[in-house]
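Residue numbering for the sequence shown is -18 to -1, 1 to 368, as defined by mature numbering (1 follows the signal peptide of the UniProt record, and there is no 0).
Think of the CB as a built atom: it goes at the ideal place given N, C-alpha and C, for glycine as much as any other residue.
Note that the structure is predicted; figures quoted are calculated from it, not measured.
Notes for the one structure printed next.
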Amino acid sequence: MKFNHILSGLALSAAVLAAGCQKSLEYSDVVYFTGTENSNITNMYVDGPSSMGVTVTSSCKMAADVQVALAVDAAAVDAYNALHGTDYRMLPAGSYRLSDDAVTIAEGTNVSTPSSFEIVSMDDFDEGAHYCVPLKITGTSNGMGVLEASRTQYIFISQITTTRGINLKNSWYITMDGMVDDPALKDLPACTMEIRMYANGWRTSGHMISSLIGVEENFLLRVGDESIKNPAQLQLAGRGTSITAPNALSLGRWYHIAVVDNGSEMTIYIDGNAEISVDSSSSKAINLGFYYNSPFAIGMSAADVRYFNGYVSEARVWKRALTPTELKNNQCYVDPATAEGLIGYWRLDQVEDDGRTFTDLSGNGYHGKASSNPIWTGEIKCPVVD
């Protein structure tokens, strides 16, 4: 009897398992944009007319030719911005085209013929604007369904700008004397400081410090320190709360460097990626008008030999905590007329008629004065695309 109960239990379990397996195997074949299985975002970097191929994939091989209809869904840009808190714009009319509004998945295959998405002109692009073109699968000729998560492919268009920077060799630096003791710069509840940098060498003597941007003993981004024994590690120092990025920087390449303090946490970013964070809630107040042997500066601190051997470009400081998306998207330019919370902005690509003054584009008047006439880098591209 006990044996019969065991057999009955096994039979019941097998029936339940079979039913479960049968249910799990119930699915319908679908189509989706090729390559969007993990992300439906594609990045496109342009500095002139460009194109990229777009194809559609089916989860099965087709028994007959199937046409898949495509369309640009301009309304999806606003919906994406509302959901993600971004500021993408639809491309200007006439600046792009889709070569084919339908692609074909041939009999016996599961990948379609390509349609070409093309940037035909950048004449109406606004400098620094972030553009997005959503491509949507609108239907199939055989009624096959669409994988909803991959029905829309978002093409993010980033403009590659051509600019130049300055070479900080031979003890060259910039000071912002107008920031000293400015009440507007004291007790900042939040702050972001960022700069693009390219190192030719690190300091290996003295304090082993290569100063990038900020003010000594309060809020200074620098590379190296005798306390960490590695002249290639990025560090934010001051206010009794130093933070050091775990990974060393490399010589001979451009980086976008940033530190963000939101009042409770401080984070170092390299190329828009968070490297390390520490609690900053008990740190002293941020005071960019602090003076410690020198004012707020680029390429120097404490009025000694803590100079940076390399190139710099696009230096900014803000009175708010920028988001990771803002850090990634705005490495090359921001519009100072619409940039909320901008304290100082020095593009470092030109000087005034006196040959040594770098205008603060924020409009706050924190102009930089160079220690001598600048040495320019020549043309540089931003962002750097591998």
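Within its chain, find whatever has a CB closer than 6 Å to the CB of glutamate 198; leave out the 5 residues flanking it on each side and keep chain order. Beyond the five residues adjoining it in sequence on each side, glutamate 198 comes within less than 6 Å, by CB distance, of Tyr274, Ser283, Ala284 in the same chain, given in chain order.
key: Secondary structure of histidine 189, DSSP reduced to three states   = Coil, per DSSP.
Legend entry - Straight-line gap, aspartate 164 to tyrosine 348 (C-alpha atoms, nearest Å): Each residue's alpha carbon lies about 10 Å from the other.
- Please name the residue, chosen from Ile177, Gly183, Met190, that lies closest to histidine 238 on a Cα-to-Cα basis. Closest in C-alpha terms to histidine 238, from the list Ile177, Gly183, Met190, comes Ile177.
- Message: Given this structure, state the Cα-to-Cα distance separating arginine 302 from phenylalanine 107, to the nearest angstrom.
- Response: Looking at the backbone, the Cα of arginine 302 and that of phenylalanine 107 are separated by about 28 Å.
Verify the CB distance criterion: does glycine 281 have a CB-CB separation below 8 Å to chain D? Among the protein chains of the structure shown there is no chain D, as only one such chain exists.
Exercise. Is the CB-CB distance between phenylalanine 278 and methionine 158 below 8 Å?
Worked result: Against a cut-off of 8 Å, the Cβ pair of methionine 158 and phenylalanine 278 comes out as a contact.
Note to self: Using 8 Å as the cut-off, can you tell me whether the segment 259 to 272 makes contact with the segment 142 to 153, which would need three or more C-beta pairs spanning the two stretches below that distance?
What the structure shows: No, the segment 259 to 272 does not touch the segment 142 to 153.
Once you ignore the five residues that flank cysteine 3 on each side, which residues in its own chain have a CB closer than 6 Å to its CB? Reliability of the predicted coordinates at cysteine 3 is poor, the pLDDT of 33 falling under 50, and no value is obtained from them.
Only counting runs of 3 or more residues, tell me where the beta strand (DSSP E) segments fall wholly within the segment 158 to 185, in order along the chain. Segments of the beta strand (DSSP E) lying fully in the segment 158 to 185: 173 to 183.
*asked:* Restricting to Cα atoms, I'd like to know which of Ile362, Ser209, Asp317 is closest to valine 294.
replied: Cα-wise, what sits closest to valine 294 is Ile362.
Which of the three DSSP states is assigned to proline 31 in this structure?
Of the three classes helix, strand and coil, the one that applies to proline 31 here is coil, per DSSP.
**OP:** Identify every residue that forms a DSSP beta bridge with aspartate 261.
**Re:** Answer is Glu247.
Stretch-stretch touch, CB-based, cutoff 8 Å, three pairs: the segment 110 to 121 with the segment 33 to 53: The segment 110 to 121 is in contact with the segment 33 to 53.
Original post:
What residue does the beta strand (DSSP E) around leucine 129 start on, and which one ends it?
Top reply: Bounds of any beta strand (DSSP E) do not take in leucine 129, whose DSSP letter is neither H nor E.
Can you have a look at leucine 233 and say buried or exposed, based on whether 16 or more other CB atoms are within 10 angstroms of its CB? By the 16-neighbour rule on beta-carbons within 10 angstroms, leucine 233 is exposed.
Quiz prompt | Buried or exposed by the 16-neighbour rule on C-beta atoms within 10 Å, applied to leucine 7 | solution = Note that leucine 7 has pLDDT 47, beneath the 50 cutoff, so the model's placement of it is unreliable and no number is given.
What do you reckon, are the CB atoms on leucine 194 and phenylalanine 290 nearer than 8 Å? Yes. Within cutoff.
Q | Three-way DSSP call (helix, strand, coil) for leucine 218 in this model | A | The three-state reading of DSSP puts leucine 218 in strand, counting E and B together.
*Please state whether DSSP places cysteine 3 in a helix, a strand or coil.*
In this prediction, cysteine 3 scores a pLDDT of 33, lower than 50, which makes its location untrustworthy; the coordinate-derived value is nonetheless stated afterwards. In the structure shown, cysteine 3 sits in a helix (DSSP, three-state: H, G or I).
Taking only runs of the beta strand (DSSP E) that begin and end inside the segment 290 to 325, which ones reach a length of at least 3 residues, in chain order? Fully enclosed beta strand (DSSP E) runs of 3 or longer: 291 to 300.
Worksheet entry | Residue burial classification, serine 10 (beta-carbon count within 10 angstroms, cutoff 16) | That one is exposed.
For methionine 34 and phenylalanine 99, which I take to be in contact (beta-carbon distance under 8 Å), what is that distance rounded to the nearest angstrom?
Rounded, the Cβ-Cβ distance is 5 Å, consistent with contact.
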